[in-house]
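>
Residue numbers (the numbering used here), protein chains in the order written: chain U, 1 to 308; chain H, 1 to 308.
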């Protein structure tokens, strides 16, 4: 799947993944109104509004991007209706040949990790029947518990050609609190980076990158440069561009000299473009067109800097 | 809620939480057969079997214990039917006045953490309507991303009288890989312990313990002793007793001199007792009676050592 991701990045000439993290306050009024009329002011109405919103955006941008990254928290908070919407969003995006990076950040010990892995990227066995439940291509994972909390996912990555992005250095302001503590002369995130690199050694694909990738925030330019050097065969998922303050210059060190090696996420910057000053010439009804324009602008911004 | 938990521990004289982590291979054959007959060999059948299994165990043990800890991974892997079973299990256990520790180990940045918190321990707002979705009393949380990934939960703990258990030192074999790295003369888990203690400072209840607790594995006796000293106002959730090898002697350092300060988890050791050599005089139909006996034996084992 890492090779398919890289091929799709080359094909679209766009190392961008669009985060599908819907928030009720960023859904156009007419969609909310119709959902509330049909289902009342309920979690079901919100889930229906989220799905319609996601679907219209996917319809308008799928040809420009290699992948989408739904953030499960936004759906999970709505309970059953939300999980239903999460799965439907994944299925719809896959029907448009988009690669799915499920932003689930799970982390638990061995047998429990196996249950998460079975459900999210593997297969659930019921007697002799096999079921694919969440159908993601990649998922994000938290490494704090160590290798036995990662191993079951690695097995499924191998067996079903899936991939992981393991948190190494995150983009949020307090990421330094634990990740930047210095041990043996280097920060914890470098130790974690080396572990992630080691865990992925046997899963390197035709393009030179492993199925086991890393999350490296766009808000830490110097750290990214160092990690890129330390982990030449590890693909990076890069959050923090746009809304969180990361620029094309900031994400550049995440890429190698050939312009490969990373995929940059933008969520609200794309999906809520219609609410921003820059795209206010799009009406609310044209929210998905605004997203398409925002994708095109992000692609241009990244490529201008990366190919410089 | 931390005060209610402590009161219930005193009332039952039992610092035990029973983990509800059902696995298909540990469900009695007659329950599986009936579920497969009703729903085929499907995730729905598994979820139905899990719920019946949980319900019968809860019915037989609720008067002996203060709390249960469902592990969401076991349910989530089944998709919608599993999440439905997870919520029904929580509601049923609450109807028996049990405290719910949701073992979800979520961790994400600020606005995403807020979505998890709203859904799991807070309220989801849809216009002027408020919804309680997962209805847990406590949840487990991963600290790798730092304070801004914890803050939204802390706000909800205050507002809705809920609680957290933040991973500090976990019970699994590879927990040392990151958690034991030495920084500034002490292991990472001690740094995390100090952070957890600081985060909980303003939420200390009548019994002297904060709503912000810590997960400290039963498999690390010396580490637990040190953490108990460092974090006198932090309640510990202690996994690893029984199946993972932890003994009553191992968990003793998690408690203070008054015999308070921790709650010890056992999952398979209780719920799959009917499959073990020790309880084989119970028939498969008596699986819940076997669980009741296992709870009574664990209580005796803990109290003998703790009150020694």
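Where is the CB? At the ideal position from N, CA and C, for every residue including glycine.
#1: Give me the chain U residues within the contact set of residue 147 of chain H, using Cβ-Cβ distance strictly less than 7 Å, ordered along the chain.
#2: Which class does residue 260 of chain H belong to by DSSP, given the choice of helix, strand or coil?
#3: At which residues does the beta strand (DSSP E) containing residue 67 of chain H begin and terminate?
#4: Let me confirm a value: residue 125 of chain H is counted as buried when at least 16 other C-beta atoms fall within 10 Å, else exposed. Which label applies?
#5: Using a 10 Å radius around the Cβ and a threshold of 16 neighbouring Cβ atoms, would you call residue 308 of chain U buried or exposed?
#6: Going by alpha carbons, who is nearest to residue 275 of chain U out of U:266, U:213, U:286?
#7: By how many angstroms is the C-alpha of residue 141 of chain U removed from the C-alpha of residue 395 of chain H?
#8: Would you say residue 122 of chain U and residue 165 of chain U are within 8 Å of each other, going by their C-beta atoms?
#9: With DSSP collapsed to three states, give me the class of residue 239 of chain H.
#10: Check whether the stretch 31-41 of chain H and the stretch 291-307 of chain U touch, using three or more Cβ-Cβ pairs below 8 Å as the test.
#11: Looking at the unbroken alpha helix (DSSP H) that takes in residue 57 of chain H, where does it start and where does it end?
#12: Around the Cβ of residue 30 of chain H, are there at least 16 other Cβ atoms within 10 angstroms (buried) or fewer (exposed)?
#13: Would you give the residue range spanned by the beta strand (DSSP E) that residue 103 of chain U belongs to?
#14: Let me confirm a value: residue 171 of chain H is counted as buried when at least 16 other C-beta atoms fall within 10 Å, else exposed. Which label applies?
#15: In or out: residue 182 of chain H buried (at least 16 other Cβ within 10 Å) or exposed?
#16: For a cutoff of 8 Å on Cβ pairs, would you count residue 41 of chain H as touching chain U?
#17: For residue 191 of chain U, which residues in chain H fall below 9 Å Cβ to Cβ?
#18: Determine, for residue 28 of chain H, whether the minimum Cβ-Cβ distance to residues of chain U falls below 8 Å.
#19: Near residue 54 of chain H, which residues of its chain fall below 6 Å by C-beta distance, leaving aside the five closest residues on each side in sequence?
#20: Using the rule of at least 16 other Cβ atoms within 10 Å of the residue's Cβ for burial, across every protein chain shown, is residue 201 of chain U buried or exposed?
#21: Tell me the rounded alpha-carbon separation between residue 110 of chain U and residue 247 of chain H.
#22: Could you give the uninterrupted runs of the beta strand (DSSP E) lying entirely in the stretch 141-226 of chain U, keeping only those of 3 residues or more?
#23: Mind checking who residue 17 of chain H pairs with in its DSSP beta bridge?
#24: Output, in chain order, the set of chain H residues within a Cβ distance shorter than 9 Å of residue 74 of chain U.
#25: Within the continuous alpha helix (DSSP H) that includes residue 91 of chain H, where are the two ends?
#26: Would you mind reading off the limits of the alpha helix (DSSP H) that contains residue 303 of chain H?
The answer reads as follows:
#1: Position 147 of the second chain, counting from 1, holds the residue named residue 147 of chain H. Within chain U, 174, 177 have C-beta atoms less than 7 Å from the C-beta of residue 147 of chain H, given in sequence order.
#2: For the purposes of this step, residue 260 of chain H is taken as the residue at position 260 of the second chain. It is coil, neither helix nor strand.
#3: If you number the second chain from 1, residue 67 of chain H lands on position 67. Under the DSSP assignment, residue 67 of chain H falls in the beta strand (DSSP E) whose first and last residues are 67-70.
#4: Residue 125 of chain H sits at position 125 when you count from the first residue of the second chain. So residue 125 of chain H counts as exposed.
#5: The residue labelled residue 308 of chain U in the question sits at position 308 within the first chain. That one is exposed.
#6: In the first chain, the residue the question calls residue 275 of chain U occupies position 275. For the residues U:266, U:213, U:286, the minimum Cα distance to residue 275 of chain U belongs to U:286.
#7: Here chain H has residues from 1 to 308 only, and residue 395 of chain H is not among them.
#8: Translated into positions along the first chain, residue 122 of chain U becomes position 122. Translated into positions along the first chain, residue 165 of chain U becomes position 165. Their beta carbons are not under 8 Å apart, which means residue 122 of chain U does not touch residue 165 of chain U by this criterion.
#9: Locating residue 239 of chain H in the second chain gives position 239, where the first residue counts as 1. Coil, per DSSP.
#10: In short, these stretches do not touch, since the Cβ pair count stays below three.
#11: The count along the second chain starts at 1 and reaches residue 57 of chain H at position 57. For residue 57 of chain H, the enclosing alpha helix (DSSP H) starts and ends at 43-61.
#12: The sequence position of residue 30 of chain H within the second chain is 30, counting from 1. Using a 10 angstroms sphere on the CB of residue 30 of chain H, the tally of other CB atoms stays under 16, which defines it as exposed.
#13: Here residue 103 of chain U corresponds to residue number 103 of the first chain, with the count starting at 1. Looking at the DSSP string, the run of the beta strand (DSSP E) that includes residue 103 of chain U is 99-106.
#14: Stepping through the second chain from its first residue, residue 171 of chain H is reached at position 171. Looking at its Cβ environment, which holds 16 or more other Cβ atoms inside 10 Å, residue 171 of chain H is buried.
#15: To locate residue 182 of chain H, count along the second chain from 1; it is residue 182. It counts as exposed.
#16: In the second chain, counting from the first residue as 1, residue 41 of chain H sits at position 41. With respect to chain U, the C-beta atom of residue 41 of chain H has a partner C-beta closer than 8 Å.
#17: Here residue 191 of chain U is taken as the residue at index 191 of the first chain, counted from 1. Within chain H, the residues near residue 191 of chain U are 177, 178, 181.
#18: Residue numbering aside, residue 28 of chain H sits at position 28 when the second chain is read from its first letter. No, residue 28 of chain H lies away from the interface with chain U (no Cβ there is under 8 Å from its Cβ).
#19: Translated into the one-based positions of the second chain, residue 54 of chain H becomes position 54. The residues are 20, 89.
#20: Indexing the first chain from 1 puts residue 201 of chain U at position 201. It counts as exposed.
#21: Here residue 110 of chain U is taken as the residue at index 110 of the first chain, counted from 1. Here residue 247 of chain H is taken as the residue at index 247 of the second chain, counted from 1. So the two alpha carbons sit approximately 20 Å from each other.
#22: Whole beta strand (DSSP E) segments, 3+ residues: 163-169, 212-216.
#23: For the purposes of this step, residue 17 of chain H is identified with residue 17 of the second chain, where counting begins at 1. Answer by DSSP bridge pairing, in chain order: H:67, H:265.
#24: Locating residue 74 of chain U in the first chain gives position 74, counting from the first residue. Below the 9 Å Cβ cutoff, chain H contributes 112, 115 as neighbours of residue 74 of chain U, in chain order.
#25: The count along the second chain starts at 1 and reaches residue 91 of chain H at position 91. Run containing residue 91 of chain H: 80-95, per the alpha helix (DSSP H) assignment.
#26: Against the second chain, residue 303 of chain H aligns to sequence position 303. Where residue 303 of chain H is concerned, the enclosing alpha helix (DSSP H) stretches over 287-306.
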